[in-house]
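Undergrad:
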Amino acid sequence: MFDYLRNHSCADCGESDTLLLDFDHLRDKRASVKRLARGGLSWDVVEAEIGKCEVRCANCHRRRTAVQLGAYRLKMRPQ
Numbered sequence: 004m005f006d007y008l009r010n011h012s013c014a015d016c017g018e019s020d021t022l023l024l025d026f027d028h029l030r031d032k033r034a035s036v037k038r039l040a041r042g043g044l045s046w047d048v049v050e051a052e053i054g055k056c057e058v059r060c061a062n063c064h065r066r067r068t069a070v071q072l073g074a075y076r077l078k079m080r081p082q
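The following block contains the structure:
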């Protein structure tokens, strides 16, 4: 999993620090990639879940999720 992150950067801003990178699900989320990996599931299962994701840094992931969900904080932002 860490090798995958080392070879990918944030899809939005290009951040490459693995400490800051997340797997952002685009579709059909079974479980978080971290949860599947920690649960001792096979690499094939984890890799299939990673295939449903894009790599994003924590900031871009949070921002994108807020927009998708219509977070109340978006209404509080200055125009």
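One gets the numbering used here by counting positions in the sequence shown from 1 and adding 3 to each.
Yeah, the Cβ is synthetic: ideal placement off N, Cα and C, and Gly gets one too.
Taking the beta carbon of R59 as the centre, do at least 16 other beta carbons fall within 10 Å, making it buried, or is it exposed?
TA: Buried: at least 16 other Cβ atoms inside 10 Å.
Undergrad: Can you look up D27 in the DSSP assignment and give me helix, strand or coil?
TA: Strand.
Undergrad: If I follow the unbroken alpha helix (DSSP H) through C63, where does it start and stop?
TA: Run containing C63: A61 to L72, per the alpha helix (DSSP H) assignment.
Undergrad: If you drop the 5 nearest sequence neighbours on each side, which residues of the same chain put their C-beta closer than 7 Å to that of C63?
TA: Counting only Cβ-Cβ distances below 7 Å, and skipping sequence neighbours, we find C13, D15 and C16.
Undergrad: Buried or exposed: which applies to V70, given that a residue is buried once 16 or more other Cβ atoms fall within 10 Å of its Cβ?
TA: Label assigned to V70: exposed.
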